[in-house]
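Take a look at the structure set out below.
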Amino acid sequence: MQRLAFALLFLTILYNALEGVLSILAGVEAGSIVLLSFGADSYLEVAAASAVLWRLWHRDAEAGERAEERARRIVGATFLILVVAIVFQSTYALSQRQSAEESTLGMLVLGASMLLMPALAGAKLWTAARANMPALAAEAKETIACSYLTLTALAGVLAVALLGWWWLDAVAALGMVPWLAREGLEGVRATACFDGSGRPCFCRSCFFGMSRCVPSCCVPACC
């Protein structure tokens, strides 16, 4: 299970690094705030996965937990900085009536991510539950959030291509803010969805880690 966890984290890092490059290139070409923001988020995902790798490589469990907590707080802070940047840029674009162009590359990247991210999140949760890896379970939440973020971005880019309304790109970018803000706050607080037993949540009562855990969530029967 340890090897599988490492493989899933390496896949996350490699894919998001490529996704970030392509999204930013597409965003610059199309003048799309959505694609630029999505590309920036890809590198935050890289940072989150790298933090968990760092944690799992530590032989000293206590030192590893401290290292992971510091890394998650830094990643959370960068999420909040991204939120401020998106709100500022989107508000400016709306005030200046700036529009984005259609981006075929952006739609292809988002479509690929929409297929891969949910499957990758599920694999991480499955591995975390069976290998008792709370850190991997917490990082899987980042991937789940990325899936919702991808859906929001894809809807915005498709709407711009199909309808051509000038304000859609900025509004779609603002639609990404709640997810980013939530992940940022959880990162700054260094919180994760598992209870005192140390087992990761992997049950329907907390939507596989997406909502706050309840006392009965992480009992062995649901994992």
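With this note's numbering as the guide, the letters of the sequence shown map in order to residues -3 to 219. Virtual Cβ for every residue (Gly too), placed ideally from N, Cα, C. Keep in mind that this is a model prediction, so the values were computed, not measured.
| query | Does the distance from the C-beta atom of A45 to that of I9 stay below 8 Å? | reply | yes
| query | Which word fits R93, buried or exposed, when buried means at least 16 other C-beta atoms lie within 10 angstroms of its C-beta? | reply | exposed
| CB-CB length for I70 against D165, believed under 8 Å | At roughly 29 Å, the Cβ-Cβ gap does not stay under 8 Å, so I70 and D165 are not in contact.
| Just the Cα atoms here: how many angstroms apart are S48 and S95? | In the sequence under discussion, the amino acid at residue 48 is Val, which differs from the Ser named in the question. Their Cα atoms are separated by approximately 38 Å.
| Would you report the Cα separation of A149 and W122, rounded to the nearest angstrom? | 27 Å
| request: Measure the alpha-carbon distance for A119 versus E41 and round it to whole angstroms. | output: 16 Å
| query | How many angstroms separate the CA atom of T146 from the CA atom of F2? | reply | 24 Å
| query | How far does the alpha helix (DSSP H) with R93 in it reach, from first residue to last? | reply | From DSSP, R93 is part of no alpha helix (DSSP H); its letter is neither H nor E.
| task | Excluding the 5 residues preceding and the 5 following A117 in the sequence, name in chain order all residues of the same chain whose CB lies nearer than 7 Å to its CB. | result | A136, T139, I140, S143
| Looking only at C-alpha atoms, which of S86, E182, G183, V24 sits nearest to G171? | S86
| said: Check for me: the alpha helix (DSSP H) holding N12 runs from which residue to which? | reply: -2 to 26
| said: Looking at the secondary structure, which residues open and close the alpha helix (DSSP H) in which W161 lies? | reply: No alpha helix (DSSP H) holds W161; DSSP gives it neither H nor E.
| What are the start and end residues of the alpha helix (DSSP H) that includes M113? | 100 to 127
| query | Taking all protein chains shown into account, do 16 or more other C-beta atoms lie within 10 angstroms of the C-beta of S91, making it buried, or fewer, making it exposed? | reply | exposed
| What is the rounded straight-line gap between the Cα of F190 and the Cα of P114? | Here the model assigns F190 a pLDDT of 46, short of 50, so the residue's position is not dependable, and the following value carries that caveat. If you take the alpha carbons of F190 and P114, they lie about 20 Å apart.
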